[in-house]
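S.K.:
Residue numbers (full-length UniProt numbering): 1 to 272.
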């Protein structure tokens, strides 16, 4: 049983402010310990549920947040960026189930740290005319690869969206959104218990989980913060500039869509 785990930071219990979530903040080292501990809980749960291999993709910001020396030694960890497939780098058709840990609500909707890929780049992020979260992007790639998604963890808002949009996916809430940079979290130890149990249950159910359906067409629409960024993005072959801030792209596959997202992310002012 091969398990893929993508780990973001904004949906980890105990993390609510930019000072915690990004390099340079005086509370960032604490956040590194929290994300590493919650990741270990997901790894342990995966093995509890019958995993034989676990690959963890460090998917937040600079993608070097996890403390490798403190990670469960049974797992392999993928760190650093740029990555062509962003938060889903490393997932293949050979994985039996995918788990998304520490996720959050998308740009344009309520939730702690609500954004899609880059809060400095995108003010609105749509796929086929609907607001898309990082969870939704991961589900699209999973659909293309034939991999079921078994678990999403984070705040109440991403859990609600997951239940509404992705049937069969277990949603584990470890905190409640109070504002964009305010949250009421359960104790980290309690969060780790919840995540471990959720991961174990998801892996045990892997053989019965539905594989997400892939839409026939994939149209990406993004509103950017700066006209200069839209001008750069418009240079991508096939990209359409709708107005000073809006770009559209028809992707042939989730793989191509994620690649375009990665390029837009990497060229964003501020690069976060």
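In this text, a Cβ means the ideal position worked out from N, Cα and C, and glycines have one as well. None of the values given here were measured: they were computed from a predicted structure.
Can you check which of these residues, 10, 24, 235 and 57, is closest to residue 34 by C-alpha distance?
M.R.: What you label residue 34 is simply residue 34 of the chain shown in a count that begins at 1. When each option's Cα is compared against that of residue 34, the closest is 10.
S.K.: For residue 170, does the count of other Cβ atoms within 10 angstroms reach 16, so buried, or fall short, so exposed?
M.R.: For this step, residue 170 is matched to residue 170 along the chain shown. By the 10 Å Cβ count, residue 170 comes out buried.
S.K.: Less than 8 Å between the CB atoms is what I'm expecting for residue 8 and residue 59, so what's the real figure, rounded?
M.R.: Counting from one through the chain shown, the residue named residue 8 turns up at place 8. Counting from one through the chain shown, the residue named residue 59 turns up at place 59. 5 Å between Cβ atoms; contact.
S.K.: On the three-pair Cβ rule with 8 Å, is the region 110 to 119 touching the region 156 to 172?
M.R.: Touching, yes.
S.K.: Could you check whether residue 252 and residue 218 sit closer than 9 Å to each other, using their CB atoms as the reference points?
M.R.: Position 218 of the chain shown, counted from the start, is the residue given in the question as residue 218. Position 252 of the chain shown, counted from the start, is the residue given in the question as residue 252. In contact: residue 218 and residue 252 (Cβ atoms closer than 9 Å).
S.K.: Which of the three DSSP states, helix, strand or coil, is assigned to residue 71?
M.R.: Position 71 of the chain shown holds residue 71. Three-state DSSP puts residue 71 in coil, outside helix and strand.
S.K.: Tell me the rounded alpha-carbon separation between residue 96 and residue 177.
M.R.: Start at 1 with the first residue of the chain shown, and residue 96 comes out as number 96. Start at 1 with the first residue of the chain shown, and residue 177 comes out as number 177. Cα-Cα distance, rounded: 32 Å.
S.K.: Runs of 4 residues minimum, wholly inside the region 12 to 48: which ones carry the alpha helix (DSSP H) assignment?
M.R.: The qualifying runs are 18 to 21 and 28 to 48.
S.K.: Which value, in whole angstroms, describes the spacing of the CA atoms of residue 249 and residue 84?
M.R.: Mapped onto the chain shown, residue 249 falls at position 249. Mapped onto the chain shown, residue 84 falls at position 84. One C-alpha to the other measures close to 17 Å.
S.K.: Buried or exposed for residue 93, please, with buried defined as at least 16 other CB atoms from any protein chain shown within 10 angstroms of its CB.
M.R.: The sequence position of residue 93 within the chain shown is 93, counting from 1. Exposed, by the Cβ-count rule.
S.K.: Could you tell me which residues DSSP puts in a beta bridge with residue 58?
M.R.: The residue given as residue 58 occupies position 58 in the chain shown. In the DSSP output, where bridge partners are listed per residue, residue 58 has 7.
S.K.: Am I right that residue 3 and residue 37 are in contact with their C-beta atoms under 8 Å? What's the rounded C-beta distance?
M.R.: Here the question's residue 3 lines up with position 3 in the chain shown. Here the question's residue 37 lines up with position 37 in the chain shown. Not really, about 18 Å apart at Cβ, beyond 8 Å.
S.K.: On the criterion of 16 or more Cβ atoms from any shown chain inside 10 Å, does residue 213 qualify as buried, or is it exposed?
M.R.: Translated into the one-based positions of the chain shown, residue 213 becomes position 213. The residue is exposed, with fewer than 16 neighbouring Cβ atoms inside 10 Å.
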